[in-house]
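Numbering (the numbering used here), first residue to last: 1 to 188. Note that beta-carbon positions come from the ideal geometry of N, C-alpha and C, so glycine has one too. Shown next, in structure tokens, is the structure this report addresses.
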């Protein structure tokens with residue numbers, strides 16, 4: 001099974017913030033399969049299963065443990081042998097860009113650090129660019145704030161493209177082929 005995580009923070013306070021670009025993309029992916037992420041009784045995540053064209057299924061998961069503790073739900077939803085994809089925001093990419101990596105470091109992203117601590121093997125990362133903070137703005141204030149209308153438009157288009165590409169990956173497309181397209185995509 002492929003397990004796709006969308007990282008972010010739960011609650012209306014964080015809706016629309018840059019740090020929720022990952023879970024927003026995951027919600028769009030679920031909607032593309034006519035599914036919705038739901039929380040089961042007392043669980044620490046919202047999830048849904050999607051049926052794939054090859055007869056397999058994928059599990060989509062939004063940890064409700066807040067970004068910095070996202071990895072805490074991994075043992076509850078990931079089994080040995082599962083392929084894992086993590087979607088998250090990335091400040092080192094401008095708004096409107098997406099990037100796919102098969103492995104790598106956390107690059108200072110606390111959600112990825114938490115996932116890396118919980119996952120015994122490498123996992124695929126899909127980054128949604130949210131841009132760097134303006135001079136004088138802290139990283140925390142930047143990622144926990146909402147962006148300009150123009151950046152929101154660019155991020156939305158990049159998220160839509162990410163969903164298209166994720167659907168192809170889940171259907172079995174080669175990661176290198178997908179990465180070539182994803183990493184060259186620019187919404188200007």
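- Query: Under 7 Å between the Cβ atoms of residue 35 and residue 50?
  - Reply: As a first step, residue 35 is located in the chain shown; it is residue number 35 there, counting from the start. As a first step, residue 50 is located in the chain shown; it is residue number 50 there, counting from the start. Yes; because the gap between Cβ atoms is below 7 Å, this pair is in contact.
- On the three-state DSSP scale, how would you describe residue 16? As a position in the chain shown, residue 16 is number 16, starting the count at 1. Three-state result, residue 16: coil.
- Message: In the DSSP output, which residue or residues are listed as bridge partners for residue 6?
- Response: Stepping through the chain shown from its first residue, residue 6 is reached at position 6. Beta-bridge pairing links residue 6 to 87.
- residue 102: buried (16+ other C-beta within 10 angstroms of its C-beta) or exposed? Your numbering for residue 102 matches position 102 in the chain shown. Exposed is the call here.
- Is DSSP giving residue 162 helix, strand or coil here? Taking the first residue of the chain shown as 1, we reach residue 162 at position 162. Here residue 162 sits in helix by DSSP.
- Note the first and the last residue of the continuous beta strand (DSSP E) segment covering residue 51. Here residue 51 refers to the residue found at position 51 when the chain shown is read from its first residue. Per DSSP, residue 51 belongs to the beta strand (DSSP E) from 45–51.
- Message: Out of 20, 6, 5, which one is the CA nearest neighbour of residue 12?
- Response: Working through the chain shown from its first residue, we reach residue 12 at position 12. Residue 20 is the option with its Cα nearest to residue 12.
- Item | Range of the contiguous alpha helix (DSSP H) that encloses residue 21 | Within the chain shown, residue 21 is the residue found at index 21, counting from 1. 21–32 is the extent of the alpha helix (DSSP H) around residue 21.
- Query: What do you reckon, are the CB atoms on residue 30 and residue 60 nearer than 7 Å?
  - Reply: Taking the chain shown and counting its residues from 1, one reaches residue 30 at position 30. Taking the chain shown and counting its residues from 1, one reaches residue 60 at position 60. Cβ atoms of residue 30 and residue 60: closer than 7 Å.
- Item | residue 107 to residue 164 span [Cα, whole Å] | Stepping through the chain shown from its first residue, residue 107 is reached at position 107. Stepping through the chain shown from its first residue, residue 164 is reached at position 164. Approximately 26 Å, taken between the alpha carbons.
- Task: Can you give me the start and stop residues for the alpha helix (DSSP H) that residue 75 sits inside?
- Result: Sequence index remark: in the chain shown, residue 75 carries index 75 (1-based). Residue 75 -> alpha helix (DSSP H) spans 74–77.
- Message: Rounded to the nearest angstrom, what separates residue 147 and residue 18 at their Cα positions?
- Response: Residue numbering aside, residue 147 sits at position 147 when the chain shown is read from its first letter. Residue numbering aside, residue 18 sits at position 18 when the chain shown is read from its first letter. If I take the Cα positions, the gap works out to 7 Å.
- Item | Span of the alpha helix (DSSP H), counted from its first residue to its last, around residue 143 | For this step, residue 143 is matched to residue 143 along the chain shown. From DSSP, the alpha helix (DSSP H) with residue 143 extends over 139–143.
- Spell out the partners DSSP gives residue 171 in its beta bridges. Here residue 171 is taken as the residue at index 171 of the chain shown, counted from 1. Answer is none; residue 171 lacks a bridge partner.
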